[in-house]
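Note sheet for the following structure.
Chains as they are written, first to last, in our numbering: chain Z, 1 to 762; chain D, 1 to 506; chain L, 1 to 139; chain S, 1 to 124.
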């Protein structure tokens, strides 16, 4: 109760921030995980693996199992390590937010999901955590829940990643059935079997769709820029450093199983290259700093995918190194943009400038991160880029394409580095921009350390080379592999490509305005963009759903009945035809006069009821019919039924007749043109039921039950009227249920008619 | 034993009779109802434990030997259905204490509610075809009464369609049962399994099979027979809809499962083929209907249809895994669906409407309610680690095992559309601001009401969560139940005392 | 229909029909008849009464609310079904108490089967009357 | 004797369906009565009918001396008739009340629960 009260007050005044303590202790958990992981680094680099878990669903062979090897170790370390800095940053960034507890709840949920995902040692475990990241990402993107844009973006991300998730699930299930186990280790060992299986291609495509949706590859890429609606710590964490890398992780994880085929190579290389290129073009035209960064993330993801398409050791090594590099600088840059946003209230490039004069520390962090992103020595980014070029040239299938794309997108990255790290800080300060203070330490400390790490590792690449890159590389390639990370490789082709990249990048930066004008024109006249297609698809879906619902569930009861009767007729006709034996020859029995009378009374009554134009006549006809049916029962040895039928029919018709004066006279039952249609439908259904009955009658009835009743009625149940004995003894439960029905019907009718049930006499 | 098996319908009936004279006193009547439900839940759990430890149990009513009198049978499927009915009954009766207004209680709400439970439980436990018809009628007439209780205009309108279409189903069912008797000379389901297999009359057997599909199909709301459901489910008080949504259609599915595993020989493939096509169309049309609507309960109502499709799919695939999937799905779905309707009621209470465009703000105003909704909704959409994920997993895996890729595709499309419409509710009713800034908080309603509204919801959400985190036991149970269904030897032995070496087709 | 003759005649007739209905109830186990039929016959007696004397008079003649009568009938049926509890038999088992004579050759026999039928009789009578009274009245 | 009765069942169903598809709820109700009768007759027919004696066992005998009609379907029909009565009575009450409240018996105009959807339903 107390908590609730303060919670609501918290919304009013920003001073009493609830859950402030959470933000203070929030970095502790990821820090602990990081430390534990670091402690095991020597084991991992020695090639050790850990596996632990419990059976989850024994019947299906599913376990909640975790498995740590070089690859999962690398990812886990990135997730927890960057998590620490994001948590520190978020503590300052989110200060005063009324929903802090919610925010950290989601963030932790995500962290758990992400760690579980990369550490999973079982396909279903992997999938479960995969979807947890999807959910928590949805919750985080829609964190500003009152903003329609945030909701839309969150939904878009959710639907696309879930679409991928569902495909992934099917892919994983197929993979497991081919490999014979859900256990990751057994799957990893079954690569040859899987690739030889005819289901290989479907498996590959389904799993790739899953990975591509998550990692925002073409054509599923558009959700990522929209996801920037999330608070900046979220963008820094989920949408650059971790979650979007889940797809990359999956590609790397499945590399030993699914790679080494042409399909893998071509699909990954082309998709990655296309994604990177498209994202590069889009990045250039952004004026929103965060969006520009988002597109460079897309570039990075495309590049990673492109390199993972290859079997070449150099290419894979490039991918892994670049992955690490990217996580450091991108998270830092997002944080910097967050700081700028926080301090100035805008992220628009056109409204910013001159911040370098007041924000001294931020500018250092920004510059360091941007230099790393741009691939300038001696930052880690440089090593990453050199490796990329080396890898590009080593790609077996299409080195020229890969190299060209790599150079182009890297050049764009250089440009964007300039956009982020130079323009806002050193461009002339726009007049309307108020004077800006340096951010508090909580905000700048994380990006500063992260970009500092980029520099440190660049100077001493061995810190990560042996402990992180090599083990992961060995896991992906399936053989022990060594790699030496160096800043200086001597003058070679990669270096020349680097120089080309810088030149291109700088040219683009300088000519940014013209480029943008040109690109804007280009995009305005582009036929569609993916985001619009998405909207169109959703609209189409809604329209289709509305249409089909309007047709099916149209609110008119007669149509419902028509559909039901038609369906029954159709399936019944099908069943009869299918059965094949038509009971057409039938010896018509000789009927005596009273039987003829009963039958005619029944049929005549039915006909009159069907054609009556006045309700009273219809009631009389129904009465005649009731008498006819009762007579049939009576003549054929069922006196009890006959009496009951007569009484019930009479009572009911008396009731109807009593009601009639209160109801309107018959209006025409239907338009004349519909009469033949309805009559035909009725006739067909009636005929089919008759046929079914006749078909049933073909088999002689052998009823031991009846024999039993006849034999035991007197000696055991002490009654001579077998029907009554059945009702009150043999099948008393039916009768019991039946009086309940009658009782309920009566009470229900009374309540319905709005009478209070009477109490005693009035 | 025979008494124990009779209790699941005797308790609600006696409770109804006890609540009937007390209906003018809301509190007392509600107490009787909740107490009866608690008793029912306990009984059903005892039955479950007995069945789980000692196998299928049968009881002969009136001590008349098996194919002659009426038999009650509790096998694994029946037992779990009874327990879930007990749970739903208990939660809904608790919820009804605050959701059902005094004048509706005075009209006999609790009696009708209990009779509905009696009908549902009777249907689950009976082993006799005609007795099944009787329980269906009890359930039906009670549902009629509940649906129009209070007699609002919209209720009457929906009620007419509901009554009109369901009466057709009832008559179909009655005719089919009569014809089944005419073909085999028995009404006992176990005996029917033996007798029908011996009948050499494919025309009649086929005709009966489709008649049963139609009759139970209307009850179960499968394509294209589901019209009564969206026409009426949004009209009564939400308590009523919640219990309807949880149990009524599932009774239809339950009887479909019984009919096409126990009564009809499973070599008869064509009913399963019909059901398969129907199931896929049901899944799609239902979820599209949900996508087309913007009213809380209407969306949920269409979802019911879509999920019935999944259940029927499990039956249609006719493999142990698929049937187990159907059983698991049924339990999961009953819990989640009932919960969603209950939450929709509280949402209406707090925001004033069911129309998504007119409400909002619940996320901020009632985090707890949002949490429960999120659990139920995303479980329904099949997200791990919630119960719906395992339900979906079982069915998808069963389809893959049979190389029914088309089925998988439809299931996935349905899954994503389900998510679409669930997140629609989430975004509209919870995330966005209330357009009139009217949204109350749970703190604003009286304390008793708060508990009565939240406890059932929390309990059901807990089940969803637990089933999601620890699905093993229920999956094992479902597999065992499916095994029993596909090899009804044990059922027949329990009922008839015959030891039939069941070979079957699987 | 307020003719005096009719009203007087119906008084006698109604009494006769009611007696007849009880006769049908009691002989139901051995001859055509039984709880349903008897209940319906008794209900028709009230319908006749109502036709002659009006609905209000019919209702006051009944003394207790018909819906309670129906509920009571269901209750009796349930109780009779549960009498078997005392002999340890299954629900709805026949319980026979032979007061005099032999089971199958007359004598006075009490059985829960008869009680069950009485329950049916009351339930049907009550329910039908509830319906009639509710529907006949201009609401 | 079954053949003619099966035909009667068919005729009753045909007429019943025809009536049920009309716009007037009273028509629907009458159709329901017809089909209800048809269903009972169908049980009767399916249980085989003969011109045999009623299922009564004469005084002093343990079993019937001559062939008797099948008692089980009769018991089922009895139950079904009474249940049918309850359902039909409720339906009648519903129709009455519906007319009182909604002012019409024309099912085509009963569009409160499912109103004609507006041309464009859009939510943010």
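Glycine residues also receive a C-beta, built at the ideal position from the N, C-alpha and C atoms.
For residue 730 (chain Z), no alpha helix (DSSP H) run applies, since DSSP gives it neither H nor E. C-alpha of residue 74 (chain S) to C-alpha of residue 264 (chain D): approximately 25 angstroms in a straight line. Residues of the segment 81–101 of chain S with a C-beta atom less than 9 angstroms from some C-beta of chain L are 81, 82, 85, 86, 89, 90, 92, 93, 96, 97, 100, listed in chain order. Following the DSSP letters along the chain, one finds residue 600 (chain Z) inside the alpha helix (DSSP H) bounded by residues 593–611. Inter-segment contact for the segment 353–373 of chain Z and the segment 425–445 of chain Z is present: three or more beta-carbon pairs are separated by less than 8 angstroms. At a Cβ-Cβ threshold of 9 angstroms, residue 171 (chain Z) and residue 217 (chain Z) do not count as neighbours. In the three-state reduction of the DSSP assignment, residue 53 (chain Z) falls in the strand class. Between residue 206 (chain Z) and residue 168 (chain Z), the alpha-carbon positions lie close to 6 angstroms from each other. When secondary structure is reduced to three states using DSSP, residue 64 (chain Z) falls in the strand class. Excluding sequence positions up to five before and after residue 63 (chain Z), its CB lies within less than 6 angstroms of the CB of 53, 55, 56, 122, all in the same chain and listed in chain order.
In the three-state scheme derived from DSSP, where H, G and I count as helix and E and B as strand, residue 355 (chain D) is classed as strand. Annotation for residue 74 (chain D): the continuous beta strand (DSSP E) segment containing it runs 71–74. Ranked by Cα distance from residue 478 (chain Z), the options Z:90, Z:470, Z:430 are led by Z:470. Nearest in C-alpha terms to residue 392 (chain Z), of all of Z:410, Z:480, Z:534, Z:98, is Z:410.
Residue 243 (chain Z) sits buried, since 16 or more C-beta atoms from the chains shown fall within 10 Å of its C-beta.
CA-CA distance, residue 190 (chain Z) to residue 253 (chain Z), rounds to 13 angstroms. Here residue 661 (chain Z) is exposed, its C-beta having fewer than 16 other C-beta atoms within 10 Å.
In the three-state reduction of the DSSP assignment, residue 183 (chain Z) falls in the strand class. DSSP places residue 59 (chain D) inside the beta strand (DSSP E), whose first and last residues are 57–60. Contact between residue 323 (chain D) and residue 314 (chain D) holds: their C-beta atoms lie close to 6 angstroms from each other, under 8 angstroms. Annotated three-state conformation of residue 518 (chain Z) is helix, per DSSP. For the C-beta of residue 28 (chain S), the chain D residues within less than 7 angstroms are, from N- to C-terminus, 164. Scanning Z:720, Z:703, Z:724, Z:737 for the CA closest to the CA of residue 184 (chain D) turns up Z:703. Cβ atoms of residue 76 (chain D) and residue 189 (chain D) stay farther apart than 8 angstroms, at about 15 angstroms. Rounded to the nearest angstrom, the Cβ distance from residue 119 (chain D) to residue 138 (chain D) is 4 angstroms, consistent with a contact under 8 angstroms. Within the segment 17–35 of chain L, those residues whose Cβ lies closer than 9 angstroms to any Cβ of chain S are, in chain order, 30, 31, 32, 34.
Contact of residue 665 (chain Z) with chain L is not assigned, every C-beta pair being separated by 9 angstroms or more. Contacts between residue 721 (chain Z) and chain S, judged by CB atoms closer than 7 angstroms, involve 56 in chain order.
Nearest CB-CB separation between residue 625 (chain Z) and chain S: below the 9 angstroms threshold. Counting other Cβ atoms within 10 Å of its Cβ, residue 179 (chain D) reaches 16 or more and is therefore classed as buried.
Counting along the chain, residue 426 (chain D) sits inside no alpha helix (DSSP H), nor does DSSP assign it H or E at all. Secondary structure at residue 554 (chain Z): coil, using DSSP grouped into helix, strand and coil. Secondary structure at residue 165 (chain D): helix, using DSSP grouped into helix, strand and coil. For residue 104 (chain D), the uninterrupted alpha helix (DSSP H) segment begins and ends at 102–106. Per DSSP, the beta bridge partners of residue 348 (chain Z) are Z:288. Taking a Cβ-Cβ cut-off of 8 angstroms, the neighbours of residue 134 (chain L) in chain S comprise 93, given in sequence order.
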